[in-house]
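These notes concern the structure reproduced below.
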Amino acid sequence: MTTSSAPSLGIAIDRLGNAVAGPVIRPGDGDYDEHRRIWNGSIDRSPAVIVRCETTGDVQAAVRFAAEHQLLTAVRGGGHSFPGLSTCDGGIVIDLSLMRQIVVDPDNRTARVEAGALLGDVDRATQPYGLGVPAGIVSHTGVAGLTLGGGLGWQQRKYGLTIDNLLSAQIVTAAGDVTTASADENPELFWGLRGGGGNFGVVTSFRFRLNPIGPEVMAGPVFWPMEDSERVLHFYRDWVADCPDETTTIVFQRRLPDRTTVPRELVGKRVVAIAACYTGPVEAGAEALRPLKAFGSPLLDMCEPKPFLIHQSMFDDSYRHGGWYYVKACDIAELGDEVIGTVVEHGERMSSLLSSVAIWQMGGAVSRVGEDDTAFNGRNAGFAFNISGNTESADGFDDERQWARNYWSALSPHHTGAYVNFLMDEGEDRIRHAYGETKHARLKALKRRYDPANLFRLNQNITPD
Ligand SMILES: Cc1cc2nc3c(=O)[nH]c(=O)nc-3n(C[C@H](O)[C@H](O)[C@H](O)COP(=O)(O)OP(=O)(O)OC[C@H]3O[C@@H](n4cnc5c(N)ncnc54)[C@H](O)[C@@H]3O)c2cc1C
Numbered sequence: 009m010t011t012s013s014a015p016s017l018g019i020a021i022d023r024l025g026n027a028v029a030g031p032v033i034r035p036g037d038g039d040y041d042e043h044r045r046i047w048n049g050s051i052d053r054s055p056a057v058i059v060r061c062e063t064t065g066d067v068q069a070a071v072r073f074a075a076e077h078q079l080l081t082a083v084r085g086g087g088h089s090f091p092g093l094s095t096c097d098g099g100i101v102i103d104l105s106l107m108r109q110i111v112v113d114p115d116n117r118t119a120r121v122e123a124g125a126l127l128g129d130v131d132r133a134t135q136p137y138g139l140g141v142p143a144g145i146v147s148h149t150g151v152a153g154l155t156l157g158g159g160l161g162w163q164q165r166k167y168g169l170t171i172d173n174l175l176s177a178q179i180v181t182a183a184g185d186v187t188t189a190s191a192d193e194n195p196e197l198f199w200g201l202r203g204g205g206g207n208f209g210v211v212t213s214f215r216f217r218l219n220p221i222g223p224e225v226m227a228g229p230v231f232w233p234m235e236d237s238e239r240v241l242h243f244y245r246d247w248v249a250d251c252p253d254e255t256t257t258i259v260f261q262r263r264l265p266d267r268t269t270v271p272r273e274l275v276g277k278r279v280v281a282i283a284a285c286y287t288g289p290v291e292a293g294a295e296a297l298r299p300l301k302a303f304g305s306p307l308l309d310m311c312e313p314k315p316f317l318i319h320q321s322m323f324d325d326s327y328r329h330g331g332w333y334y335v336k337a338c339d340i341a342e343l344g345d346e347v348i349g350t351v352v353e354h355g356e357r358m359s360s361l362l363s364s365v366a367i368w369q370m371g372g373a374v375s376r377v378g379e380d381d382t383a384f385n386g387r388n389a390g391f392a393f394n395i396s397g398n399t400e401s402a403d404g405f406d407d408e409r410q411w412a413r414n415y416w417s418a419l420s421p422h423h424t425g426a427y428v429n430f431l432m433d434e435g436e437d438r439i440r441h442a443y444g445e446t447k448h449a450r451l452k453a454l455k456r457r458y459d460p461a462n463l464f465r466l467n468q469n470i471t472p473d
């Protein structure tokens with residue numbers, strides 16, 4: 009795929025600007041830099057045009073324009089792709105960030121969410137009814153990219169992944185047509201959208217099932233010194249083996265950030281934390297999470313009753329916009345002694361205040377959906393690792409990235425797969441491995457049907473051939 013020659017493309021962009029409702033931005037415009045930037049500061053790309061769509065019609069026009077001019081095409085929801093797949097050099101960005109309308113139907117417990125919405129938008133719209141969509145743990149993440157890859161979050165062991173609560177999606181295909189995918193309409197496309205990423209078109213809206221959550225929950229992290237990691241992880245392994253589905257936990261390794269909630273003398277200290285969220289009544293949560301709060305001598309205990317909205321934005325500052333981020337991901341079946349040994353050894357070697365390791369507890373409702381029911385792979389994973397070597401800027405980034413790679417490699421005898429939304433730009437073999445051969449072949453067949461020319465290639469790409 010090539011970019012069109014500059015003068016004729018310029019005239020065509022003028023025409024596109026007249027045809028769409030939303031702003032069309034290009035190099036030289038005052039707000040170009042603001043809109044070409046994405047969350048990961050290590051990604052610095054300069055598209056030829058950014059179409060800030062306001063309607064499904066705008067998305068259709070932008071898709072047809074991209075196909076006609078054979079432009080490298082990026083689609084942007086929340087802009088949180090770790091490898092920066094929602095922007096490009098010299099091509100078009102189809103930006104949905106102005107399409108954030110959410111319509112909640114509390115009686116039928118559903119919500120229609122436009123594809124530019126962020127997770128916080130959905131929480132704020134649904135929490136007044138004591139309802140929610142199970143989704144991720146940082147409120148400035150985009151609904152679209154997260155959903156299309158699967159969607160891990162605090163409610164996953166009770167209500168499943170985000171895709172397990174998806175009822176239908178409206179999508180603009182590579183041909184520029186608008187279609188709907190659900191269990192009854194285009195079911196194979198619906199299967200592929202639930203884990204297959206942005207390979208099949210631009211989703212313009214999602215309809216989700218809502219579940220009871222909050223408005224108060226028993227939730228939050230308990231921190232111990234990194235030196236106690238081995239004891240903490242052995243306790244954790246035994247404790248979560250019998251946890252009810254209402255309890256979802258994540259183990260974190262990091263250095264304590266400079267926050268008002270962190271005592272000055274602890275800022276910068278390497279810690280291991282177990283963060284939990286109980287999806288149910290606060291009193292039952294207090295009882296279920298009692299062993300966690302009682303274990304050893306925590307440095308800090310922030311696991312307490314709080315509004316779900318507060319819990320959902322608790323980690324926002326730790327993953328702020330503009331930092332330099334690099335991630336390595338793997339699924340692992342169980343936290344055996346050898347895995348724990350590796351986690352302890354490599355956790356102690358992290359340098360940056362921004363780096364983090366998150367070890368997600370899977371199971372529960374996630375594992376009760378059939379492995380072949382959706383394109384998401386890894387229903388039976390025990391734990392999903394996100395090893396993230398991050399820095400404030402280019403300073404020290406190479407070293408921290410190498411630390412993440414070393415940590416991940418040391419776990420390699422235990423890898424069972426990887427969550428596609430935690431992949432960098434790692435090549436087709438890694439994507440095939442993440443989906444498994446059978447699913448990958450089924451996704452390829454779907455790609456041939458909906459995007460034979462691979463217009464939508466800036467994603468964890470399923471090539472059509
Ligand atoms: C700070 C942070 C926290 C995270 N926390 C979680 C978490 O708790 N749980 C979890 O599961 N994941 C989490 N992730 C991973 C996250 O799911 C992915 O990064 C996801 O791709 C982000 O979606 P987005 O819309 O913000 O990204 P974007 O960068 O906008 O898009 C990501 C990919 O999706 C495609 N895409 C975006 N919008 C559309 C659309 N409307 N139609 C078709 N394709 C589209 C893009 O082309 C791109 O390939 C987190 C990521 C970050 C950076």
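In terms of the working numbering, the sequence shown opens at residue 9 and continues consecutively.
Backbone N, C-alpha and C define an ideal beta-carbon position, used for all residues, glycine too.
Determine the burial state of Met9: buried for a count of at least 16 other Cβ atoms within 10 Å of its Cβ, exposed for fewer. As a working mapping, residue 9 is identified with position 1 in the sequence shown. Confidence at Met9 is low in this model, with a pLDDT of 48, below 50, so its placement is unreliable and the value that follows should be read with caution. Its Cβ having fewer than 16 others within 10 Å, Met9 is exposed.
Buried or exposed (CB count within 10 angstroms, at least 16 for buried), Val111: Along the sequence shown, read from residue 1 onward, the residue named residue 111 stands at position 103. Flag for Val111 reads exposed.
Where Gly150 sits in the DSSP three-state scheme: Translated into the one-based positions of the sequence shown, residue 150 becomes position 142. Reduced to three states, the DSSP call for Gly150 is strand.
Between Arg457 and Leu197, what straight-line distance do the alpha-carbon atoms span, to the nearest angstrom? Reading the sequence shown from its first residue, position 449 is the one you call residue 457. Reading the sequence shown from its first residue, position 189 is the one you call residue 197. Near 10 Å, if we compare the C-alpha coordinates of Leu197 and Arg457.
For ligand 1, any of its heavy atoms closer than 7 Å to the Cβ of Trp47? Position 39 of the sequence shown, counted from the start, is the residue given in the question as residue 47. In terms of side-chain proximity, the C-beta atom of Trp47 is found nearer than 7 Å to a non-hydrogen atom of ligand 1.
DSSP three-state assignment for Thr10, whether helix, strand or coil: Walking along the sequence shown from the start, residue 10 turns up at place 2. In this prediction, Thr10 scores a pLDDT of 47, lower than 50, which makes its location untrustworthy; the coordinate-derived value is nonetheless stated afterwards. In the structure shown, Thr10 sits in coil (DSSP, three-state: anything other than H, G, I, E or B).
Assigned secondary structure, Trp232 (DSSP; H/G/I helix, E/B strand, else coil): For this step, residue 232 is matched to residue 224 along the sequence shown. In the structure shown, the three-state DSSP call for Trp232 is strand.
Please go through the stretch 25 to 52 and give each complete alpha helix (DSSP H) segment of 4 or more residues, from N-terminal end onward. At a cut-off of 4 residues, the continuous stretches assigned as alpha helix (DSSP H) that sit fully inside the stretch 25 to 52 are 40 to 44.
Please classify Gly293: is it buried, with 16 or more other beta-carbons within 10 angstroms of its beta-carbon, or exposed? Sequence index remark: in the sequence shown, residue 293 carries index 285 (1-based). Buried is the call here.
I'd like to know whether the C-beta atoms of Leu156 and Leu201 end up nearer to each other than 8 Å. Here residue 156 refers to the residue found at position 148 of the sequence shown. Here residue 201 refers to the residue found at position 193 of the sequence shown. In terms of Cβ geometry, Leu156 and Leu201 form a close pair [threshold 8 Å].
Just how far apart, CA to CA, sit Thr446 and Asp381? For this step, residue 446 is matched to residue 438 along the sequence shown. For this step, residue 381 is matched to residue 373 along the sequence shown. Looking at the two C-alpha atoms, the distance is approximately 13 Å.
For Pro306 and Ala249, I'd like the C-alpha separation in whole angstroms. Within the sequence shown, residue 306 is the residue found at index 298, counting from 1. Within the sequence shown, residue 249 is the residue found at index 241, counting from 1. A straight-line Cα-Cα distance of about 21 Å links Pro306 and Ala249.
Give, in chain order, every unbroken run of the beta strand (DSSP E) that is at least 3 residues long and sits entirely within the stretch 54 to 138. Runs found: 57 to 60, 81 to 84, 100 to 103, 110 to 113, 118 to 122.
Considering only residues of the same chain and omitting the five flanking positions on each side of Gly184, which have a CB-CB separation below 6 Å? As a working mapping, residue 184 is identified with position 176 in the sequence shown. Within its own chain, the residues whose Cβ lies closer than 6 Å to the Cβ of Gly184, once the five positions on either side in sequence are excluded, are Gln68, Val71, Arg72, listed in chain order.
Skipping 5 residues on each side, what residues in its chain have a beta carbon closer than 7 Å to that of His354? Residue numbering aside, residue 354 sits at position 346 when the sequence shown is read from its first letter. Excluding sequence neighbours, His354 sits near Asn414, Tyr415, Ala418.
From what residue to what residue does the beta strand (DSSP E) around Gln468 run? The count along the sequence shown starts at 1 and reaches residue 468 at position 460. For Gln468, there is no enclosing beta strand (DSSP E), since its DSSP letter is neither H nor E.
Tell me, to the nearest whole angstrom, how far the beta carbon of Thr170 is from that of Gly86; I am working on the premise that it is less than 8 Å. Numbered from 1 along the sequence shown, position 162 holds the residue referred to as residue 170. Numbered from 1 along the sequence shown, position 78 holds the residue referred to as residue 86. Thr170 to Gly86, Cβ: 13 Å. No contact.
Secondary structure at Thr399, three-state DSSP: helix, strand or coil? Stepping through the sequence shown from its first residue, residue 399 is reached at position 391. Thr399: strand per DSSP, three-state reduction.
Please list, in chain order, all residues of the same chain as Trp368 whose beta carbon is under 6 Å from its beta carbon, the five residues on each side excluded. Here residue 368 refers to the residue found at position 360 when the sequence shown is read from its first residue. Answer for Trp368: Leu160, Ile258, Ala392, listed in chain order.
Round the Cβ separation of Phe208 and Val121 to the nearest angstrom and send it over; I've been treating them as touching at under 8 Å. By one-based count along the sequence shown, residue 208 stands at place 200. By one-based count along the sequence shown, residue 121 stands at place 113. Contact doesn't hold; Cβ gap of about 18 Å is too wide.
The alpha helix (DSSP H) spanning His423 covers which residue range? Residue numbering aside, residue 423 sits at position 415 when the sequence shown is read from its first letter. Following the DSSP letters along the chain, one finds His423 in no alpha helix (DSSP H) but inside the beta strand (DSSP E) bounded by residues 423 to 425.
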